[in-house]
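Residue 89 in this note's numbering sits at position 102 of the sequence shown, and the numbers go up by one each step. All residues carry an ideal CB built from backbone N, CA and C; glycine is no exception. Input: a single structure, listed below in structure tokens.
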Amino acid sequence: MTPAPSTPHQRDGHGPADDERPVEDLAPGRAPAPDVVEIELPADPAYLGVVRTACAGLGARLDLTLDEIEDLRIAVDEACTLVLPKDTSTHDVEVRLRASFAVSDASLAVRVQGPNPLLPGDSSYAWAVLEALAGDVDSGVEPAGSWISLTHTRARAV
């Protein structure tokens, strides 16, 4: 039996130890690259709880307040709902919802992609909800559907 390749030692279980990170990540004044978590699910509202739970867990890792975490969960749920097809009974089973979370020292950026090619305008109620709950919001339409990006920056302690 061939032994499995070794992986870098992790002090906290979340990434390489400081002495194992590339030198450029440790340079003074330069923030390390964010941790990225990606989830791919069937494009069905029944699976949105998985995305909401991931968002809450990553928000907790960033030490967000309970109110900030709940606001992000609601914003991510709304964003996912907007990129999902309106009629899930007729869509192809291969249609997917993708969520990507980038966690840095001070922010959580979430991007959701789904098959719905139509998004509400930036003056719509749904857009106002996203901006109020998440902070920075962006969106776009691609041939395979649409995407919404939300970025929440942690409030600094006073």
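Considering only residues of the region 21 to 82, which uninterrupted alpha helix (DSSP H) runs meet the minimum length of 4 residues and lie entirely inside it, listed in chain order? You should have 35 to 48 and 53 to 70.
By alpha-carbon positions, which one of ALA119, SER126, THR40 and GLU118 ends up nearest to ASN103? If we check each option's Cα against that of ASN103, SER126 comes out closest.
Going by beta-carbon coordinates alone, are LEU120 and ILE61 separated by less than 8 Å? Yes, they are a contact pair.
In this structure, does DSSP put LEU84 in helix, strand or coil? Reduced to three states, the DSSP call for LEU84 is strand.
Measuring CB to CB, does HIS139 end up less than 8 Å from LEU45? The criterion of a C-beta distance shorter than 8 Å is not satisfied by HIS139 and LEU45.
Look at the alpha carbon of VAL128 and the alpha carbon of ARG48, and state the distance between them as a whole number of angstroms. Rounded to the nearest angstrom, the two C-alpha atoms are 31 Å apart.
Buried or exposed by the 16-neighbour rule on C-beta atoms within 10 Å, applied to GLU27: Exposed: under 16 other Cβ atoms inside 10 Å.
Among TRP114, ALA142, GLY132 and ARG141, which one has its Cα closest to the Cα of VAL63? For VAL63, the closest C-alpha among the options TRP114, ALA142, GLY132 and ARG141 is that of TRP114.
State the DSSP-derived secondary structure class of ALA115, mapped to helix, strand or coil. Helix.
Got a sec? Which residues, its chain only, sit under 7 Å from TRP134 by beta carbon, not counting five neighbours each side? Hits under 7 Å: VAL70, ARG98, VAL99, GLN100, SER126 and GLY127.
Taking all protein chains shown into account, decide if GLU81 is buried (16 or more other Cβ within 10 angstroms of its Cβ) or exposed. Result: exposed.
Quick check on DSSP: helix, strand or coil for ALA121? When secondary structure is reduced to three states using DSSP, ALA121 falls in the helix class.
Assuming LEU117 and ALA41 form a contact by the criterion Cβ under 8 Å, report the distance between their Cβ atoms to the nearest whole angstrom. Not quite, the Cβ-Cβ distance comes to about 18 Å (not below 8 Å), so this is no contact.
DSSP state of LEU105 mapped onto helix, strand, coil: Assigned with DSSP and collapsed to three states, LEU105 falls in coil, not helix or strand.
Is it buried or exposed, GLY36, if we count other Cβ atoms within 10 angstroms and call 16 or more buried? It is exposed - the Cβ of GLY36 has fewer than 16 other Cβ atoms within 10 Å.
Nearest candidate by alpha-carbon position, reference LEU105, set VAL38, PRO29 and PRO130: Selected option, being the one with the closest Cα: PRO130.
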